[in-house]
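Trainee: Here it is, the structure in full.
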Amino acid sequence: MTCVFCAIAAGEVPAQFVVDEPDLLAFLDTRPVFKGHVLLIPRVHVGTFPELPANQLEPFFAMGQRLAVAVEEGLGAKGAFVALNNKVSQSVPHLHLHVVPRTKGDGLRGFFWPRTKYASDDEAAEYAKRLREVL
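Numbers given in the numbering used here equal positions in the sequence shown, counted from 1, plus 1200.
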């Protein structure tokens, strides 16, 4: 199975490019949440966020930051929703950052999954401890 984002990077699949740099590409999502919804990808195939080499983190997120500013200044958005799915809900198995222009009252309502609560401060502390141990 061919990665559609690799095919876009190779010029095999057309896209509306916003950024075309040696290591990064950004293009309009063909099924945007709102018009101007941009996808930022590493040019070479990187499947998931943990696979992105450390030396590429800063350039990747710096460009994401620039795109967030661009949707405001270039499209008149009042803000941006910036998101990265990793494995679960990752519709294309190639790392990509969504930059979606937002305006007040645009109809996008937070996150679309149920929220939960910790049973106690002790339970929350245990979750934090387990994460620190891995880090």
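In this text, a Cβ means the ideal position worked out from N, Cα and C, and glycines have one as well.
From this set, R1332, T1248 and V1218, which residue's C-alpha is nearest A1268's C-alpha?
Mentor: As a first step, residue 1268 is located in the sequence shown; it is residue number 68 there, counting from the start. If we check each option's Cα against that of A1268, V1218 comes out closest.
Trainee: Does the beta-carbon distance from L1224 to F1249 come in below 8 Å?
Mentor: Here residue 1224 refers to the residue found at position 24 when the sequence shown is read from its first residue. Here residue 1249 refers to the residue found at position 49 when the sequence shown is read from its first residue. No. Outside cutoff.
Trainee: Which of helix, strand or coil does DSSP assign to P1259?
Mentor: Numbered from its first residue, the sequence shown carries residue 1259 at position 59. Here P1259 sits in helix by DSSP.
Trainee: Cα-Cα, which of E1323, G1279, A1319 and S1320 is closest to G1236?
Mentor: Looking up residue 1236 in the sequence shown gives position 36. It is G1279.
Trainee: So, with DSSP's three-state summary, where would you put R1266?
Mentor: For the purposes of this step, residue 1266 is taken as the residue at position 66 of the sequence shown. Helix at R1266.
Trainee: Measuring alpha carbon to alpha carbon, tell me which of V1244, D1229, A1209 and D1321 ends up nearest V1238.
Mentor: The residue labelled residue 1238 in the question sits at position 38 within the sequence shown. Of the listed residues, the one whose Cα sits closest to V1238 is D1229.
Trainee: So is L1240 buried or exposed if we call it buried at 16+ other beta carbons inside 10 Å?
Mentor: Sequence index remark: in the sequence shown, residue 1240 carries index 40 (1-based). Classification of L1240: buried, given that the 10 Å Cβ count is 16 or more.
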